[in-house]
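Read the structure below first, then the notes.
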Amino acid sequence: MNSKTKGTMAGSSLFPGKLSINSRTKSTFIGWSFVITAVIMICTFYFYPMIQALILSFQSGTGTNLTFVGFNNYTRLLSDSTFITAVKNTFIYLIVQVPIMIILALFLSVLLNDRTLKWKGIYRTAIFLPAVTSLVAYSVIFKYLFSNDGLVNTMLLKFSIVPEAVNWLTDPFWAKITIIIAITWRWTGYNMIFYLSALQNVDQAIYEAAKIDGASAVQQFFKITIPMLKPIILFTSITSTIGTLQLFDEIMNITKGGPGNATTSISQYIYNLSFKYTPDFGYAATVSYFIVILIVVFSIIQFKAAGDRNG
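With our numbering applied, the sequence shown closes on residue 909, and no number is skipped along the way.
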């Protein structure tokens with residue numbers, strides 16, 4: 599062993615912490631570089647637009663000709679009949695469609711969790727498939743299915759279920775029903791996957807013990823399944839509420855908010871204010887923040903209703 603090698607070994611043994619410090623510093627730097635990159639991207643494309651939209655909600659005008667109007671845009675909401683109609687329509691979708699979808703998703707998840715059921719994979723795929731279908735594509739298909747001479751009316755007339763074709767897209771009541779059917783078809787399978795995943799993690803011994811004690815299938819559902827899925831039900835309820843309050847694609851592509859404003863949602867009204875009517879980006883931003891307030895309020899209510907201690 600030459601003197602140079604001995605010197606190197608001696609140096610490394612005399613300063614064992616030097617290499618570890620350098621290695622730790624390098625690892626810390628790499629870690630922070632990933633974190634900082636993500637933070638910059640989130641701030642640039644998420645928080646900055648939110649702040650700008652909040653500032654914009656206190657202004658009025660188009661392009662660079664914006665003037666500060668204070669809370670005028672917010673007081674304008676109270677007297678805007680189109681906005682009030684959009685809010686009513688959105689609440690109808692929320693109150694009717696979300697509970698139906700949650701209950702249907704729960705029912706399907708319990709059925710597909712049965713160990714004795716054959717072809718479970720095919721059924722699960724078929725029910726979940728709408729969730730990965732293009733929003734625009736399926737909306738256009740629903741528009742043709744529910745047209746006056748579409749497949750739905752053709753089948754209803756063929757089997758004499760209705761005396762005449764139903765105006766699914768031109769009658770205010772049936773237009774809302776069409777939107778609700780479309781949303782339910784699209785998102786039921788998405789929520790079902792969450793429940794199904796949670797049910798597969800439940801110990802089957804619990805159900806077997808309940809059967810031994812004489813509990814019926816209905817009692818098992820309400821006494822075991824529902825309590826075990828409570829956190830997932832809360833999660834899907836909140837996400838479904840947020841999605842419904844932001845409803846846009848189905849209405850825009852199926853009914854375009856018609857007839858009149860019978861199916862217009864809050865999100866579509868924001869689009870109309872920005873691009874269809876005379877552009878008023880300040881007022882559109884105000885309506886957008888109304889949705890934010892609604893989401894916060896409904897989320898708090900759902901947390902409290904579920905008895906969440908951290909809510």
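All C-beta atoms in this analysis are idealised placements derived from N, C-alpha and C, irrespective of residue type, glycine included.
- In this structure the region 794-806 does not lie against the region 755-769, because fewer than three pairs of beta carbons, one per stretch, are closer than 8 Å.
- Residue environment for Ile891: exposed (fewer than 16 other C-beta atoms within 10 angstroms of its C-beta).
- Distance between Lys821 and Ser865, taken at the CA atoms: about 39 Å.
- Per DSSP, Leu664 is one residue of the beta strand (DSSP E) stretching across 663-666.
- Here the region 646-658 does not lie against the region 826-835, with fewer than 3 beta-carbon pairs under 8 Å apart.
- The C-beta distance from Gln844 to Ile889 rounds to 7 Å, short enough to fall under 8 Å.
- Note that the region 669-676 touches the region 873-886; at least 3 beta-carbon pairs, one per stretch, sit closer than 8 Å.
- Ile849 counts as buried, since no fewer than 16 other beta carbons sit within 10 angstroms of its beta carbon.
- With a contact defined as Cβ atoms closer than 8 Å, Thr823 and Met699 miss out at about 17 Å.
- By the criterion of a C-beta distance shorter than 7 Å, Thr635 is surrounded by no residue of its chain, once the five residues flanking it on both sides are discounted.
- If you draw a straight line from the Cα of Phe632 to the Cα of Ile638, it is about 10 Å long.
- Counting of Cβ neighbours within 10 angstroms places Trp785 among the buried residues, the total reaching 16 or more.
- DSSP places Gly880 within a helical segment (H, G or I) once states are collapsed to three.
- Inter-residue distance for Ala724 and Thr839 is about 24 Å (C-alpha atoms, whole angstroms).
- An exposed status is given to Met753, since fewer than 16 other beta-carbon atoms sit within 10 Å of its beta-carbon.
- In this chain, Ser795 is not harboured by any beta strand (DSSP E); it is covered by the alpha helix (DSSP H) spanning 770-797.
- Between the beta-carbon of Phe681 and that of Leu675 there is about 6 Å, and that keeps the pair under the 8 Å contact cut.
- Here the region 684-697 makes contact with the region 849-864; the two share three or more CB pairs at distances below 8 Å.
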